[in-house]
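Asker: Following this message is one structure expressed as structure tokens.
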Amino acid sequence: MTPYAVNKKAQFDYELLEKYEAGLVLSGAEVKSIRNGHISLKGSFVNFYNNQAFLVNAHVAKYKFASNQKNYEPEHNRQLLLKDKEINYLRGKLQVVGLTIVPISLYNKGRHIKLEIAVARGKKKYDKRESIKKRELDREIGKKMKIVN
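Mapping the sequence shown onto the UniProt record's numbering, position 149 (from 1) lands on 149, and the numbers just tick up by one.
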């Protein structure tokens with residue numbers, strides 16, 4: 001599993017409750033662009049249209065060697081491949097106040113490109129401060145352990 005993109009901002013801004021794995025419907029040029037690392041999940045989210053899940057606002061740059069991409073939009077909605085049961089469950093979770101569905105990481109599994117999504121609740125400002133404090137404390141403990149060893 002090679003990660004192509006990780007949404008670090010989502011892990012900082014949201015409390016991740018449940019994680020799911022979904023496939024993506026992509027064109028060949030988009031796959032090549034993603035494998036070259038030209039993707040950003042920053043500010044993207046999952047939305048539902050006509051009983052289908054879509055990844056919204058994910059930026060996949062145009063593959064520079066593709067000749068047939070005249071009207072290519074880098075941030076168009078991309079369909080997620082999920083089972084009907086999962087789609088219905090996630091749609092119900094989206095109706096709950098304060099919950100959203102955010103992409104966490106994009107990686108390959110075998111020859112397929114998969115997207116890890118999570119049902120998340122937004123953190124308050126004091127929660128963010130707490131996570132920063134915990135991260136700094138862990139970093140200092142790591143430095144002390146390195147000095148001792």
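Beta carbons are placed, not taken as given, at the ideal position from N, Cα and C, and that holds for glycine.
Can you give me the Cβ contacts of A69 inside the same chain, cut-off strictly under 8 Å, excluding the 5 residues immediately before and after it?
Answerer: According to the sequence shown, residue 69 is Gln rather than Ala. Contacts found: A29, K62 and Y63.
Asker: State the DSSP-derived secondary structure class of R121, mapped to helix, strand or coil.
Answerer: Residue state, collapsed to three classes: strand.
Asker: Is E116 buried or exposed, if buried means 16 or more other CB atoms sit within 10 Å of its CB?
Answerer: Buried is the call here.
Asker: Have a look at the DSSP bridge pairing and note the partners of T2.
Answerer: Paired residues: none, contrary to the question.
Asker: Let me make sure I understand the geometry here. Which of H59, Q52, N77 and Y14 has the alpha-carbon closest to that of A120?
Answerer: Nearest of H59, Q52, N77 and Y14 to A120, Cα basis: Y14.
Asker: Assuming P103 and N36 are in contact, meaning their beta carbons sit under 8 Å apart, how far apart are those beta carbons, in whole angstroms?
Answerer: Not a contact, Cβ separation roughly 19 Å.
Asker: Using a Cβ distance threshold of 8 Å, determine whether the region 126-135 contacts the region 37-48, with at least three qualifying pairs required.
Answerer: No contact exists between the region 126-135 and the region 37-48.
Asker: When you compare each of Y20, E18 and I113 to T2 by their alpha carbons, which one comes out closest?
Answerer: Of Y20, E18 and I113, the residue nearest in Cα terms is I113.
Asker: I'd like to check one pair, R78 with L137: are the Cβ atoms closer than 8 Å?
Answerer: No, the pair does not count as a contact, with Cβ atoms beyond the cut-off.
Asker: How big is the Cα-Cα spacing for A22 and V46?
Answerer: Going from the Cα of A22 to the Cα of V46 covers about 11 Å.
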